Amino acid sequence: MDWIVKTKGVLFPAALMPLVLVVYAATTHQLGPDPGNTLTRELGEWSLCFLCLTLSVSPLRQLTGISKLIRFRRMLGLFALFYAMLHVLSYLAFMLGWQWLTLLEDLYRRPYIIVGALSAIILVALGITSTKGMMRRLGRNWSKLHRLVYAAAILAVIHYLWLVRSDYSESVFYLIIVLLLLSFRMSFRKVRQ
203 MDWIVKTKGV LFPAALMPLV LVVYAATTHQ LGPDPGNTLT RELGEWSLCF
253 LCLTLSVSPL RQLTGISKLI RFRRMLGLFA LFYAMLHVLS YLAFMLGWQW
303 LTLLEDLYRR PYIIVGALSA IILVALGITS TKGMMRRLGR NWSKLHRLVY
353 AAAILAVIHY LWLVRSDYSE SVFYLIIVLL LLSFRMSFRK VRQ
């Protein structure tokens with residue numbers, strides 16, 4: 203059996219573990235005094251984590267020379283989308299109680315909601331176009347479109363930075379990671395040209 207298939211067989215359930223842990227914490231009342239807020243925050247952080255893992259595949263491939271690493275990027279990207287959608291659904295359900303007028307008020311009063319929504323919309327577009335059929339249909343435009351993953355990551359980090367009110371260490375950590383990955387990408391493109 204190919205090592206890629208074996209690794210994906212381990213990676214897939216491992217990528218579901220954050221969800222299992224969050225659900226376990228929710229069902230055993232371990233999410234603190236505001237479980238909806240904690241759940242929403244945790245899911246958003248996992249989405250950002252998987253987004254950073256997705257962005258790290260290409261640099262790792264280039265640094266190690268293991269070209270097959272690229273075969274993990276789609277799975278990691280789809281998990282970033284998966285956790286982002288759970289984050290959005292959790293926000294709508296637990297923070298807003300499915301009140302659409304409250305959503306409009308939040309969009310008006312809290313710019314971090316708009317920034318997060320833009321990031322989520324980009325991730326949805328990338329998820330929809332991540333199939334081999336869409337790659338063929340879009341041709342060269344596919345890679346141009348999928349470069350928007352960097353915009354989604356930057357928007358997600360800005361969303362996180364604006365959301366945090368006291369301890370910025372985690373959000374700054376993600377900012378540094380995304381900026382490092384983006385600078386690696388830009389410097390590698392210059393070298394190739």
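Each number in the numbering used here comes from the position in the sequence shown (counting from 1) with 202 added on. Think of the CB as a built atom: it goes at the ideal place given N, C-alpha and C, for glycine as much as any other residue. Just so it is clear, the structure is predicted and the values come from calculations on it, not from any experiment.
Closest by C-alpha distance to R387, out of L350, D308, M336, S373, is L350. Short of 6 Å from the beta carbon of P220, and not among the five residues preceding or following it, lie these beta carbons of its own chain, in chain order: W248. In this structure, G238 sits near F296, with a CB-CB distance shorter than 7 Å. The criterion of a C-beta distance shorter than 7 Å is not satisfied by S389 and A354. Straight across, the Cα-Cα distance linking I360 with L381 is about 12 Å. Cβ contact annotation for S269 (same chain, cutoff 7 Å, sequence separation greater than five): R263, in chain order.
Taking 4 residues as the minimum length, the alpha helix (DSSP H) runs contained wholly in the region 219-277 are 237-266, in order along the chain. V224 is classed as buried because its beta carbon has at least 16 other beta carbons within 10 Å across all chains shown. Going by DSSP, V359 is part of the alpha helix (DSSP H) stretching over 350-365. In the three-state reduction of the DSSP assignment, L291 falls in the helix class, which pools H, G and I. Just so you know, the alpha carbons of C254 and Q301 end up roughly 32 Å apart.
In this structure, DSSP gives W344 a helical state, which the three-state scheme calls helix.
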